[in-house]
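One structure is given here, and the rest of the page talks about it.
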Amino acid sequence: MTPSAVSHQIQQLEDFLGISLFQRHAGRAVLTNTGQAYAREIGHALGLIAEATRRAAPQSQTGHLVIASGPSFAAKWLQPRLPQFLAANPGVKVRLSTLSDRGDFDNARFDIAISYGRPASPQWHAEPLLIERLRPYCSPQLAEALGLKTVEDLARATLIHSVNALTWAEYLRTIGHDGLRPVNELWLDRSTMAIDAAVAGMGVVLESELLTAREVHDGKLVPLYEGASLQVETTSYFLVKPPGYRHGTRIAAFEKWLRNGIAAERKV
116 MTPSAVSHQI
126 QQLEDFLGIS
136 LFQRHAGRAV
146 LTNTGQAYAR
156 EIGHALGLIA
166 EATRRAAPQS
176 QTGHLVIASG
186 PSFAAKWLQP
196 RLPQFLAANP
206 GVKVRLSTLS
216 DRGDFDNARF
226 DIAISYGRPA
236 SPQWHAEPLL
246 IERLRPYCSP
256 QLAEALGLKT
266 VEDLARATLI
276 HSVNALTWAE
286 YLRTIGHDGL
296 RPVNELWLDR
306 STMAIDAAVA
316 GMGVVLESEL
326 LTAREVHDGK
336 LVPLYEGASL
346 QVETTSYFLV
356 KPPGYRHGTR
366 IAAFEKWLRN
376 GIAAERKV
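Everything in the sequence shown is counted per this note's numbering, starting at 116 for the first residue and increasing by one.
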């Protein structure tokens with residue numbers, strides 16, 4: 116807009132409000148106190164409208180990719196690796212938000228999402244993303260202090276529970292040790308919290324090898340009881356797209372990068 120057009124719009128607004136928003140001096144316009152207060156309120160309201168628009172129609176944003184994910188996967192796997200995706204896809208702007216549970220999908224707006232468990236509503240386009248392998252982990256110091264050499268030794272440990280695809284009771288039943296009773300138990304409602312508790316030596320956690328990969332690599336956690344018979348596999352993560360999604364180049368690039376990244380780490 117030209118300066119004269121802006122001036123005309125301001126004059127129309129002042130006429131509508133019946134107040135002066137600016138003081139004009141020698142070709143300069145300075146906000147009055149009333150104008151400053153009005154600008155703050157309007158700015159807040161316009162910000163809310165802009166944010167609501169971004170959430171309602173994420174695919175309309177040029178260069179933006181809106182990703183939703185479960186909090187533990189976002190924190191432990193996705194966020195640390197996003198710089199790799201951004202480096203390979205210059206110009207793409209990523210907005211990452213978290214979903215507390217599968218029920219959040221009804222109110223969320225995204226281009227693509229990683230869900231822990233299949234969304235309940237059939238309106239979502241969901242595809243299996245990952246067959247998760249779960250096994251017990253603890254700090255190397257705790258493993259040595261308690262002498263955790265066999266499954267039966269878990270009776271001397273605190274078992275840390277988190278919200279994942281397999282409970283400790285289901286795991287122990289699956290591997291044929293459903294009669295085991297630990298010395299203590301601790302319940303936490305996020306995998307991130309459970310993993311951090313295990314790193315701190317608070318007990319043994321039953322967790323995914325995907326989410327514990329960094330802690331294992333850094334030597335902060337060790338997997339107990341090597342062997343396929345003592346690990347359990349389950350399809351727990353799904354790739355979700357909204358109803359009527361458009362398979363744009365940004366979405367396709369992210370999906371390819373995500374699947375390739377997971378596959379590469381599973382081979383290690």
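Just so it is clear, CB atoms sit at the ideal spot from N, CA and C, and this is done for glycine as well.
With H, G and I counted as helix, E and B as strand and the rest as coil, what does DSSP make of residue 380? As a working mapping, residue 380 is identified with position 265 in the sequence shown. If DSSP states are grouped into helix, strand and coil, residue 380 belongs with the helices.
On a CA-only basis, which of 284, 351, 187 and 337 is nearest residue 264? Give me that one, please. For the purposes of this step, residue 264 is identified with residue 149 of the sequence shown, where counting begins at 1. That would be 337, whose Cα lies nearest to the Cα of residue 264.
Pairwise C-alpha distance: residue 197 and residue 381: Reading the sequence shown from its first residue, position 266 is the one you call residue 381. Reading the sequence shown from its first residue, position 82 is the one you call residue 197. Approximately 18 Å between the Cα atoms of the pair.
Would you check whether the ligand MN has a heavy atom nearer than 6 Å to the C-beta of residue 199? What this structure holds is no ligand at all, so the ligand MN is not there to describe.
Under the rule that 16 or more other beta-carbon atoms within 10 Å means buried, what is residue 139, buried or exposed? For the purposes of this step, residue 139 is taken as the residue at position 24 of the sequence shown. Under this definition residue 139 is an exposed residue.
Which parts of the region 255 to 311 are runs of the beta strand (DSSP E), unbroken and 3 residues or longer, counting only runs that do not cross its ends? 273 to 276 and 299 to 302
Integer Cβ distance of residue 281 from residue 326, believed to fall under 8 Å: Counting from one through the sequence shown, the residue named residue 281 turns up at place 166. Counting from one through the sequence shown, the residue named residue 326 turns up at place 211. Going by Cβ atoms, the distance from residue 281 to residue 326 rounds to 13 Å, so no, they are not a contact pair.
What residue ranges within the region 175 to 211 form continuous alpha helix (DSSP H) runs of no fewer than 4 residues, ordered along the chain? 194 to 203
6 Å Cβ shell around residue 200 - same chain, five flanking residues per side excluded: For the purposes of this step, residue 200 is taken as the residue at position 85 of the sequence shown. The answer, listed in chain order, is 372.
I'd like to check one pair, residue 335 with residue 314: are the Cβ atoms closer than 7 Å? Residue numbering aside, residue 314 sits at position 199 when the sequence shown is read from its first letter. Residue numbering aside, residue 335 sits at position 220 when the sequence shown is read from its first letter. Yes, they are a contact pair.
Identify the continuous alpha helix (DSSP H) that holds residue 329 and give its terminal residues. The count along the sequence shown starts at 1 and reaches residue 329 at position 214. Unbroken alpha helix (DSSP H) run through residue 329: 328 to 332.
Specify, as a first and last residue, the run of the alpha helix (DSSP H) that residue 124 falls within. Residue numbering aside, residue 124 sits at position 9 when the sequence shown is read from its first letter. First-last of the alpha helix (DSSP H) with residue 124: 118 to 132.
Indicate whether residue 370 and residue 246 have their beta-carbon atoms separated by less than 7 Å. For the purposes of this step, residue 370 is taken as residue 255 along the sequence shown, with counting starting at 1. For the purposes of this step, residue 246 is taken as residue 131 along the sequence shown, with counting starting at 1. At the C-beta level, residue 370 and residue 246 stay beyond 7 Å of one another.
Residue 193 to residue 182 span [Cα, whole Å]: Looking up residue 193 in the sequence shown gives position 78. Looking up residue 182 in the sequence shown gives position 67. Taking the straight line from one Cα to the other gives about 10 Å.
My output table needs one value for residue 247: the three-state DSSP class, helix, strand or coil. Against the sequence shown, residue 247 aligns to sequence position 132. Reduced to three states, the DSSP call for residue 247 is strand.
Taking just the CA atoms, how far does residue 137 sit from residue 188? Translated into the one-based positions of the sequence shown, residue 188 becomes position 73. Translated into the one-based positions of the sequence shown, residue 137 becomes position 22. The alpha-carbon atoms of residue 188 and residue 137 are separated by roughly 51 Å.
What's the gap between the Cα of residue 175 and the Cα of residue 202? Sequence index remark: in the sequence shown, residue 175 carries index 60 (1-based). Sequence index remark: in the sequence shown, residue 202 carries index 87 (1-based). Because residue 175 sits at a pLDDT of 48, beneath the cut-off of 50, its placement in the model cannot be relied upon, and the following sentence gives the value as read from the coordinates. Using only the alpha carbons, I get a separation of about 23 Å.
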